[in-house]
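Worksheet: one structure, shown below.
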Amino acid sequence: MPRTPYLIRPAQPRDAAAWERLREQLWEGDDHCGEIAAYFDGEAEEPNEVLLALDAAGVAVAHIELSLREDVEGLVGVRTGYIEGLFVETSHRASGVTQQLLRAAEAWSREQGCAAFASDRDDRVIVHARYARQPA
Numbered sequence: 003m004p005r006t007p008y009l010i011r012p013a014q015p016r017d018a019a020a021w022e023r024l025r026e027q028l029w030e031g032d033d034h035c036g037e038i039a040a041y042f043d044g045e046a047e048e049p050n051e052v053l054l055a056l057d058a059a060g061v062a063v064a065h066i067e068l069s070l071r072e073d074v075e076g077l078v079g080v081r082t083g084y085i086e087g088l089f090v091e092t093s094h095r096a097s098g099v100t101q102q103l104l105r106a107a108e109a110w111s112r113e114q115g116c117a118a119f120a121s122d123r124d125d126r127v128i129v130h131a132r133y134a135r136q137p138a
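Quick note, my numbering runs 2 ahead of the 1-based positions in the sequence shown.
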């Protein structure tokens with residue numbers, strides 16, 4: 003699939019159904035509706051930010067959920083931008099959308115004053131090794 007530019011932007015209340023659809027594909031069976039409502043009401047502890055990727059038709063095809071943490075293994079006490087979840091619809095994988103989401107997530111983390119950027123996978127913490135050395 004050729005690389006396609008996507009519009010990356012924060013989720014808005016009007017995106018609740020699209021975000022729920024994407025979340026359900028990532029985490030089946032959770033109370034997404036309640037969690038999404040809590041997020042938009044400002045009552046959720048996390049995520050702190052949700053970014054959506056919209057295709058050329060304006061359809062949300064991917065999302066990334068981000069939190070601010072200071073309890074990441076190996077980074078305790080360090081303000082860290084943390085990926086809680088990332089999902090890309092199958093038909094948009096290998097299109098460049100994941101890289102666009104990650105770059106936008108890194109930028110958001112820097113705006114929040116984070117000194118590190120990380121996530122986990124298979125019970126391993128993955129720290130972006132060059133994050134702190136990259137220009138803002």
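Heads up, the beta-carbon is just placed ideally off N, CA and C, and yes, glycines get one too.
No experiment lies behind these values; they were computed from the predicted model shown.
Hey, how far is the Cα of residue i from the Cα of residue j?
i	j	result
residue 51	residue 16	15 Å
residue 115	residue 109	10 Å
residue 27	residue 103	17 Å
residue 14	residue 42	8 Å
residue 74	residue 81	9 Å
residue 34	residue 105	25 Å
residue 99	residue 57	9 Å
residue 3	residue 79	Its pLDDT being 47, under 50, residue 3 is placed unreliably by the model, and nothing is read from it.
When we look at the beta-carbon of residue i and count the other beta-carbons within 10 Å, is it buried (16 or more) or exposed?
i	result
residue 61	exposed
residue 97	buried
residue 9	exposed
residue 93	exposed
residue 21	buried
residue 2	Shown here, the chain extends from 3 to 138; a query on residue 2 therefore has no answer.
residue 95	exposed
residue 83	buried
Taking the DSSP output, what are the residues bridged to residue i?
i	result
residue 65	54 and 89
residue 120	84 and 129
residue 71	82
Our contact map puts residue i next to residue j with C-beta atoms below 8 Å; I'd like the distance itself, whole angstroms only.
i	j	result
residue 48	residue 69	4 Å
residue 11	residue 54	6 Å
residue 129	residue 91	The Cβ separation is near 27 Å, so there is no contact.
So the beta strand (DSSP E) residue i belongs to, where does it begin and stop?
i	result
residue 11	9-12
Just to confirm the assignment, what range does the alpha helix (DSSP H) spanning residue i have?
i	result
residue 77	No alpha helix (DSSP H) holds residue 77; DSSP gives it neither H nor E.
residue 36	34-42
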